[in-house]
Every structure is written in C-alpha cells, then in structure tokens.
Amino acid sequence: MAGASSAVHSVVERVQVATPQGPRLAWALATTTILLLPIALLSDSSSGQGWFDGPRLAWWPALLIAALALPAMRQPFSALLGPAHIALAMTLAFGAGLSLRVTLVRLGVAGDGWLAIATVLPLAVLALLGWRRPHWAGWPVADLFPGWRSIWLGLTASLLGLFWWSGQFLAGDSTPLPWLPLLNPLDLALIAGLIGAAVALREHGGTGGERLWLVWAAGLWLTASTATLRASHHLANLPWSLSMLADRSSQTALTLVWCLLGVIAWVLGSRRGQWPLWAMGAGLLALVLVKLVAIDRQFFGNVAGIVSFLAVGGLLVVVGRLAPSPPRRSQT
C-alpha cells in the first residue's frame, strides 16, 4: 500500500512539475474527488445492487486511487484538501453501507433492525476513528487531519443523529432471530448511540453542558418510549402505527415505563444532590399523573387500567420512603 501511494504521488508530482498550472491540477484533483460523493448518492441505489456487483466494482479502485492522490495536493497546498478527504470518506461510508445492506438482504436477513445497522455502521466507524484514532481516520494525510477534524466529527455526529432519530420510528424486526425487548439489534443500536453521546458530553461538554444533558435526557425518554411501543407491537401483536396508541396495553406500558424512569431520576437526584436530575424526575412523574387523569382513566374499568393505577401508586410510595425531599439547589 505504501508503495502504491508513493507511485501515485510520484506520478502526480511529476505532472505538476512539468505543468506550469500545478495549482490548477491540484484543484482539479480535489474537485474530482469531491464530486465522487454526489455521483455515488445519485446513482441508482434502489436497484438491489451493491458495490460488489458488476460494473459497480469499479468504485473501490476509484476510491483507492483518489485516496492515494490526496498527498499530491500538499505541494502546492490546496484549500480543497480537507473537503476532498471528507467527501472521500463519506463516499466510502455510503458505498460500504449500501453493500452491507444488499449482502444481508441476499443472505435472507430481512429485518429492518439489521438493515438499519448495516447502512449506518460504516459511518459510525468513521466517527469513532475520527474521535479516538485520528491518525487512522486522517490517512493518507494524517499530519494535516487536525485542520479539519472538528468538521469531520461534527458532520459524522450530525448524520448519526439523523439516523438515530429515524431509527426511533422503525418496527425493529430482528428476523431471522427471535425478537427480545431491548436485546434486539435496533434497540441496542439506539442505546449505543445514547451511550456514545453521554461519553462525548462527559469529555467535551464545555459551555452549555447542562442544556446538552437536557437534550440527552429527552433522547433517553424518547428511546424508552419507542422501545416500549416496539415491545407492545411485537409481544401484543399490535400494528406498528399510530393506532396502537389507542390500545390500553400500550398505554399501560408507557405509564409504567415513564413512572419507573421518573422514580429513578427522582431518587438518584435526591441522593446525589443533583437538583436538575431530581427536577427531571419530578417533571416526568407529574406527566405520568396528568396521563393517568387525561388518558388512562378510560381504562380503569379493566385489568390494564387497574394495574397501571396500582403500579404508579406503589412507585410513588417508594419515592416517598427513599427520597421524600428534593436536594437543595446549592448542592448541584
């Protein structure tokens, strides 16, 4: 690989030396590399073919040649080197994700949970490398990578966030494996996203960290809610649509999960002296009480409604015994 890189770099360098328009050649190389991304995105990805099929195999050597040509943009330095490197990495992530997805479908792995992970996995690897192994992510211009590393991290994090958001609304089928609550591919991937975001916030929270933690807490609440509805869909054979919100079993499950989250946040916030955490728990418990009155009361005549009411009452008693008073604001 090093020999191939040197050979490509040498050829491009000789052309630049022999050509008075060396900077223009670097600009042309960078522009061509950047254009690979929209060309890949606009290609027919709905045909059921990946980059291991027929003419699409040419993408791999094309990306390799483009990568090996990047060092030639050092002398003279091209301002498009960073965008070209990022675009090349995004093109690779797109092609690898598409190919993984197509391969799984051909192997009979048709669950949307698996397919979603296959699509986003290469992008997640790029984000992780840029975060933890920048000298790997920056290849073959690793010494210059710090100049655009923040853009790399911001772009990959934003794209992963969009995928994470869209994943919340998938049914999460785990075929050919049996579906298990929380221990299914989609739920595990969404939880992994929350864990990664929490680690990043701990390390780089900085200014506005408390607001970002509020956003993270909202993400946790959303993930717990959709995981609960997903469990109702798979275990109670409810349709994966908005109509399931009218079912008493799904509403009872949401009430119990929200109440449990609120109790945990309340108790931990009180015992650790973290007022914001306690306030979030109190707010969630207040939401549960409003839900009991506004929505769940129509189910009080059946077993699900009675279980919901008794469970909430029992958890509130637990709160009263373990953490009866809120922490002082001065403790936070």
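Heads up, the final residue of the sequence shown is numbered 332 in the working numbering, and it's a clean run with no missing numbers. Every residue gets a Cβ at the ideal spot worked out from N, C-alpha and C, and that includes glycine.
Would you kindly check if the distance between the Cβ of residue j and the Cβ of residue i is under 8 Å?
| i | j | result |
| --- | --- | --- |
| D112 | A171 | yes |
| A30 | A84 | yes |
| P185 | W275 | no |
| V263 | V307 | no |
| L235 | M244 | no |
| L92 | L63 | yes |
| G97 | V120 | yes |
| L123 | L159 | yes |
| T223 | I191 | yes |
| G130 | R149 | yes |
| A66 | L25 | no |
| W164 | G193 | yes |
| L201 | W221 | no |
How would you label residue i, buried or exposed, when you count the other beta carbons within 10 angstroms and need 16 or more for buried?
| i | result |
| --- | --- |
| Q251 | buried |
| W136 | exposed |
| V11 | Residue placement at V11 is flagged as unreliable, the pLDDT there being 45, under the threshold of 50; the coordinate-derived value follows with that caveat. Exposed: under 16 other Cβ atoms inside 10 Å. |
| R56 | buried |
| V8 | With a pLDDT of 44 at V8, under the threshold of 50, the modelled position of that residue is not reliable, and the figure given next carries that caveat. Label assigned to V8: buried. |
| I151 | exposed |
| R101 | buried |
| Q16 | Any reading at Q16 needs caution, since the residue's pLDDT is 45, under 50, leaving its predicted position unreliable; the model's value is listed next. Flag for Q16 reads buried. |
| W266 | buried |
| G50 | buried |
| T255 | buried |
| R211 | exposed |
| D187 | buried |
| V288 | buried |
| A2 | With a pLDDT of 45 at A2, under the threshold of 50, the modelled position of that residue is not reliable, and no figure is offered here. |
| T156 | buried |
| F52 | exposed |
| A116 | buried |
Relative to the C-alpha of residue i, which residue among the options is closest?
| i | options | result |
| --- | --- | --- |
| P176 | L63, A62, G108 | G108 |
| L316 | G281, S249, A246 | G281 |
| W179 | A87, V312, S232 | S232 |
| A227 | V125, A198, D173, G209 | D173 |
| L284 | L35, R272, F299, V257 | V257 |
| W60 | G167, I34, L88 | L88 |
| Q313 | S270, A294, L260 | According to the sequence as given, residue 313 is Gly; it is not Gln. It is L260. |
| V199 | L128, L277, A116, L254 | L128 |
| G147 | R271, G209, L81, L104 | L81 |
| V132 | Q168, G209, E203, G48 | Note that residue 132 is Arg in the sequence shown, not Val. Looking at the Cα atoms, E203 is the closest of the given residues. |
| I295 | A311, D247, T33, L212 | D247 |
| S166 | L37, G50, G219 | G219 |
| Q75 | F145, W216, W27, L242 | W27 |
| L68 | A79, S43, D53, T33 | T33 |
| P38 | I86, D53, A79 | I86 |
| S225 | W213, A197, L214, L182 | L182 |
| F169 | M73, S78, L277, W240 | W240 |
| A110 | G48, D53, R297, M73 | G48 |
| A279 | R297, T103, L214 | L214 |
Need the endpoints of the alpha helix (DSSP H) that residue i sits in, please.
| i | result |
| --- | --- |
| L238 | Unbroken run through L238: none, as it is neither H nor E. |
| M73 | Run containing M73: none; DSSP gives neither H nor E here. |
| Q274 | Per DSSP, Q274 belongs to no alpha helix (DSSP H) and is neither H nor E. |
| I191 | 185–204 |
| A116 | 112–132 |
| G161 | 149–167 |
| V105 | 81–106 |
Would a check of beta-carbon distances place residue i closer than 8 Å to chain D?
| i | result |
| --- | --- |
| L162 | The chain inventory of the structure shown lacks chain D, comprising one protein chain alone. |
Inter-stretch contact at 8 Å, needing at least 3 Cβ pairs: the segment 91–105 / the segment 141–151: Note that the segment 91–105 does not touch the segment 141–151; fewer than 3 beta-carbon pairs, one per stretch, sit closer than 8 Å.
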